[in-house]
Every structure is written in C-alpha cells, then in structure tokens.
Amino acid sequence: MTQHGENETPADEARVEARIDGGKLTLTISGDWLLASQPPGREALLAMIREAGDVHEVGFSCDRLGRWDAALLVPLQALQEAVQQAGVQLDDDGLPEGARRLLRLAATVRERSDVRRVREHDNIIVRIGNATLEALAAGRELARFMGELSFSAGRLVTGRAVFERRDLLLFLEQTGANALPIVSLIAFLTGVIFAFVGVMQLQRFGAGIYVADLVAIGMVREMAAIMTGIILAGRSGAAFAAQLGTMKINEEIDALRTLGISPMDYLVLPRAIALVLMMPLLTIYAALLGLVGGAVVSITMLDISLVQYLAQARSAVGLNSVFAGLLKALVYGVMIAISGCQQGLACGGSAMAVGQATTSAVVMSVLLIVISASALTVIYTVFGI
Amino acid sequence: MNDEGTAHIEVRDLALAYGDRVVQEGLNFSIARGEVFIIMGGSGCGKSSLMKAMTGLLRPSAGDVWYEGQPYWAGDEQQRQEIRQRCGVLFQSGALWSSLTLAENVALPMRHRTRLSEAQIEELCAWRLALVGLRGFEDYYPNELSGGMRKRAGLARAMALDPEILYFDEPSAGLDPVSARLLDDLILELSASLGTTIVVVTHDLASIFAIAGRALYLDAGSRTQLALGEPAALREHCEHAAVRAFLSREATVPADAGETG
C-alpha cells in the first residue's frame, strides 16, 4: 500500500515479538509485511495479547519494519479492537505515520449494532411455506394488474388514456413487421411437418387428399395462433419485460407517476394494443404460410394438383373455424402483453432482476397461452363451434 | 524506490475525438507521484473523455498517456493490463455490480487478479469497507444503500488491488455538501497515508479548492487546455478570463472563450 514500484528484492520474513516491561506490552514488528508473503495473521497477534496476561498498555516498535501493505493493517485493526474492548490503553506512536492514520480512519465510523445481518438458513417446511406465500402474492399481483389494465382500457375507450402515438407505431412495427421472417419460417415448416405426417398415415387408407383438411383445420384453428403466440412471447414479451424492468431501475416509472401520468396508460397500453392488433394479423399470415407448406408436401408426395388441394382445404374450414383461430390469437396477445408488462413493472432493483423478470415473462406467457388454449378448446367444443 | 524525477503519469500531445468530432487536442501535462491532480472544466468540455483515455476506456486519436515512462496505448495488451491493474477507478455513480453484495463487489477484483486465500480476501474486504466507513455492510446489496454509501463502496472496490493511482469521476456529483466534504476528506486522507496518486475529474468548486494540489482547466470553446496550476492562484492571476470566471463562479462569457464551434 505504501511502497510502490516493482518489488524485485525478495521479502524479509515478517516477524512480531512481544516484550513486557513494567506492565507495558511492546510488540516489535520487523520484516516485510506484504500480502503476497503471508505474514502472521490476526490470530497470531491476538494470541500474543492473551499470553501477555495483565498489562495496562500496548505499544509498538517498528524500527526494523520494511515494506508493508494491508497485510499489516488487518491484524493491527483486530488487535486495536481487542485491546480497546479489554480496556487497555493503546499507544500507536510506534507505528508508521501512514498506518496510524489509516487505523484511525477505519476506527472513526463505529459499526452500528443494528446493521450487520445474520444469514438465516430456513428448514424445508419454512421454505415451502414461503414459496407458497410468494406464489399467492404473485397471483394477487397478476389479478391486480389485470384489473388495472381493464380500467386503463376503459380510459382508452373513452379517449382519456395518455400515450404517444409514435410509441404505438414503433411497437406495431417491432411486434408485427419485424416478426415476419421468423413467423414465416416457423409457420411454413409447421405446415410441412403436418402434411408430411398426414401423408404418411392417410396414404395407407388411400385417403391422401384429406391431408389438405388436416393442414387447413390444424393451422387455422390451433397451430397458427399457438406458434405465433410462442414466437411473440419470446420476442416481444421478453423485450417488454426487459424495457420496463430497466426503466423501473432507472426510476423512469417513478418519474411518470410523479407527473400524474399512469404507467399503465403510458407504457402498458400501447404495448398491449400492438400485441392485440398484431397477433390476429400474424396468425392469418401464419395460417396461409402453413397451407403453402402443406401444399408443397402434398403436391410433391401425392398425386394431386394445387387446385384439388386448395378446393379440399377450402371445403374443410368454414368461417367459424377462422373466427375460432382469430379469437385464440387475440386472447394469446392479451396474455403475452400482461405477462411481459407485469413482470417488467414488478422487477427488482438489480441487473440480475431484469434477467429474472424477462425469464418469468416468457415462462408465464407460454403457461398462460397453453392454459387459455385448453380452456378455449373446451368452450368451443361445448358450444359446437 | 523510484527516482522522483520521472512523472508518474504523463500526457503528451493527446487528442480526443469521437469520429470526426474533435473534443480536445494538444493536451500536455504530467502528474507527480502522490499528487492530487484535478481535471476541471465546464460541462461537455471533454474532461470525462480525457479520464477515459487515461484509464484505457477510450483510444485517443493522437498522442499517448505514459505511466512511469511506459506508453499505454502504444503498448501491447499485456502491458496495458499490467498498467490498468495499478489504477483504481471510482465511477460517477459507483458502478457497483448490482447483483453482488458489497463484500462480493470488493472481493471480485482480488479473487481474479491476486492469489490471496478466501480467508484473507474476506478480512481485506472488511478492512477496506471499514476504511470507507461502511463497517458491517458487507452483506448489503447496492440498491439498499444511499448514493453516498454506494460511492464510498465504489471507492473500497477501486482500492481493492492497492492501486498506485486512483481516478475519481465527479466524486461529489449527487451528494449533499456534507457527504461531498466527507468524501473529499477521505480522498485527502488516503492520499496522505497511502501515498496514492489521485486524479479527480470534477467541476465542483468546493472540492477543487479543498483537495487540489494542481488543477488543469479544459476549455470547451478552444478545445484544448487553457491553464494548469494551483486553483487559488489561477482564480486570481490566470491570464484567461474564462478560467478566472469558472473558478469564481461568474456567469459572464469572456471574449476568449466564446463558442467558436
């Protein structure tokens, strides 16, 4: 700490010797006390105090002390505290000037008794209990968020919600247009896989033409919406959580609140609108590309023409199937917006917390998508849609 | 151990630019071992960029920074690494790693750059946090602390490797006058007892007069250094009206410091 430059010379061995003289303990410190050379630690010095027994003063002699750094100060600090606790006087005149000043500096701020934390290790039951309580709290938080979003949507309808039109356009572009390449690829391949599996099975019964029905119904009613939903959960849901989480850490959200602008209206609403508008559009697009993928497989593997394929597909899906698919897409869009924005706004205060918020946003989106997919399928079946 | 004649840090013909936009050029000064040196100037004059060039974060467009006769930017990566290890930097808002506790923040440089044992590292963390007045806060996370405490924790981390040179970026920014004053005192105390060379970037006049040995004034208009010397002397006798105005907090824009683009 004090000495600089390249220390080419080997270090002299660090030593400390105790001498008691009329009730005064003098510690003679010599050699080089450098971290690199492992000098005597705090235990060695504290042991000397204990061995010395009854003394009324502790002093130092550092005439033969060479180079030193924090390796000297750490044990001296421990010694200083022990000596003061025992009510023995400490005479630091013998220490080098720099060491004396640093020790005094470290001692100026006393440790407040309520500061230090005890690390607690809970047993398994306590941990399960805490996890349950946290899950319940998260559920309540989600419900509260949905409620607030409904109010916010109400303000949107009555035209009292404040947000930037520019933001909305940006989010429409980011969630919609920018997602086209990945949606194209996934939807096309899903159609191809559907058709391939269908061809393999249906050909055995000479019912190859029904591949068109399989692909059309599968894509339009279920897969287009689900695949698009999962893609947008990973793309936009995660992005929203990270954006809002970072804004929370930077106190940008508090800044909006103090201005009387609702973060719900200003930040969540444009994102939710973008997702709710773009999910159905992307789903229609995905369904069409899925049909194209199916057509490519059917035409190459079966002895049918494009016209036959299209006619067959057209007869398989009615308007109700299209609406069934679009409604699902809309619901998934809401789910993704809720998960992404809620996790972002509930983000903690560290860089790690932003990562966790992003992860939870995606996991929660996918979970909610699957749950609502099942629920809607049951409802459709009951009502015969 | 080293001859006092060579400067600890020497900046020669340094120019800083972002793309085509020149921020500062023709910078020449040297800093002696153990000196408390201030880089001052108005907002946007390039003082933080200068510090970045000195700490290895921004490659200058011309010139070099010499550490004990060794050029930083002209050296290879290993030499640069060696020089960087001798410097500690306190960033403006502390720049503590938010997902680590204070003790872990201070321990990280020691874990990766020294061969100390875990027990030694733990003791050293406690010692360094005690030095900056944060005894007992080892297990706290940065977002649980006030701005002043975060800054002091950042200082403990900057000192983790026993640097010969400590850089401070706007140490008093965001602190109340009392906390700023305490931090200034701490800087002076560390410089006096450790012999550390200290370079401070600031526009805070109270700090400048309290801690500076010498101060360098960077001018935004002429994009170069205007004056170098003791702040009190510069305030009274500097030939440039801009420097006198800056140091005496006058609002007039002197003729020789106008925005020349």
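In the order they appear, the protein sequences are chains S and Z. According to the working numbering, the first sequence is numbered sequentially starting from 6. According to the working numbering, the second sequence is numbered sequentially starting from 9. Idealized CB from N, CA, C, for every residue including glycine.
Per DSSP, reduced to three states, the secondary structure at Arg226 of chain S is helical. Leu249 of chain S is outside the set of residues whose beta carbon lies under 9 Å from a beta carbon in chain Z.
In the three-state reduction of the DSSP assignment, Cys352 of chain S falls in the coil class, being assigned neither a helical nor a strand state. Distance from the CA of Thr109 of chain Z to the CA of Val225 of chain S, rounded to the nearest whole angstrom, comes to 52 Å.
When only Cα atoms are considered, Gly92 of chain S and Asn151 of chain Z end up about 38 Å apart. Gly181 of chain S carries a coil assignment under DSSP once its states are collapsed to helix, strand and coil.
When the beta-carbon positions are compared, Tyr175 of chain Z and Leu98 of chain Z come within less than 9 Å of each other. With three or more CB-CB distances shorter than 8 Å, the segment 226–234 of chain Z counts as touching the segment 14–33 of chain Z. Around the beta carbon of Ile384 of chain S, a 10 Å sphere encloses fewer than 16 other beta carbons of the protein chains shown; the residue is thus reported as exposed. Residues of the segment 133–157 of chain Z with a C-beta atom less than 7 Å from some C-beta of chain S are Trp135, Ala138, Leu139, Gly141, Arg143, Gly144, Phe145, Asp147, Tyr149 and Asn151, listed in chain order. Listed in chain order, the alpha helix (DSSP H) runs fully inside the segment 122–207 of chain Z are 126–139, 155–166 and 185–202, counting runs of at least 4 residues. With a contact defined as Cβ atoms closer than 8 Å, Gly42 of chain Z and Thr205 of chain Z qualify at about 6 Å. For Tyr290 of chain S, the enclosing alpha helix (DSSP H) stretches over residues Leu274 to Met306.
Met48 of chain Z is bridged by DSSP to Z:Tyr225. Boundaries for Glu146 of chain S: no beta strand (DSSP E) harbours it, while the alpha helix (DSSP H) harbouring it runs Ile129 to Val162, taken from the DSSP string. Taking the C-beta atoms as reference points, Asp270 of chain S is found no nearer than 9 Å to Leu147 of chain S.
Separation of the CB atoms of Ile343 of chain S and Leu173 of chain S is rounded to 18 Å, and the pair is thereby denied contact status at 8 Å. For Asp21 of chain Z, the uninterrupted beta strand (DSSP E) segment begins and ends at Ile17 to Tyr26. In the three-state DSSP reduction, Ala23 of chain S falls in the strand class (E or B).
The alpha-carbon of Ala83 of chain S is positioned some 29 Å away from that of Gly155 of chain Z.
Around the Cβ of Phe388 of chain S, a 10 Å sphere holds fewer than 16 other Cβ atoms; the residue is exposed. Neighbours of Gly354 of chain S in chain Z, taken as residues at a C-beta separation under 9 Å, are given in chain order as Ser106, Tyr149, Pro150, Asn151 and Glu152. Beyond the five residues adjoining it in sequence on each side, Gly237 of chain Z comes within less than 8 Å, by CB distance, of Arg222, Ala223 and Cys246 in the same chain, given in chain order. Met53 of chain S and Val79 of chain S have their C-alpha atoms some 16 Å from each other. The beta-carbon of Ile254 of chain S is placed less than 9 Å from the nearest beta-carbon of chain Z. Between Leu272 of chain S and Glu197 of chain Z, the alpha-carbon positions lie close to 48 Å from each other.
Look at Glu125 of chain S: its C-beta is not under 9 Å from any C-beta on chain Z. Assigned with DSSP and collapsed to three states, Ile236 of chain S falls in helix.
By the Cβ test, the segment 340–359 of chain S is in contact with the segment 254–266 of chain S, since at least three Cβ pairs between them sit closer than 8 Å. Leu296 of chain S and Leu315 of chain S have their alpha carbons spaced roughly 9 Å apart. Taking 8 Å as the upper bound on Cβ-Cβ separation, chain Z lies near residues Ala358 of the segment 358–373 of chain S. When secondary structure is reduced to three states using DSSP, Gln233 of chain Z falls in the strand class. Only those residues of the segment 76–91 of chain S whose C-beta falls short of 7 Å from the nearest C-beta of chain Z are listed: Leu78, Val79 and Gln82. Judged by DSSP secondary structure, Gln248 of chain S falls outside any beta strand (DSSP E) and instead within the alpha helix (DSSP H) spanning Ala243 to Ile254. Three or more Cβ pairs closer than 8 Å define a contact, and the segment 237–246 of chain S falls short of that threshold against the segment 211–222 of chain S. Close partners of Val114 of chain S in chain Z (Cβ separation under 7 Å): Gly141 and Arg143.
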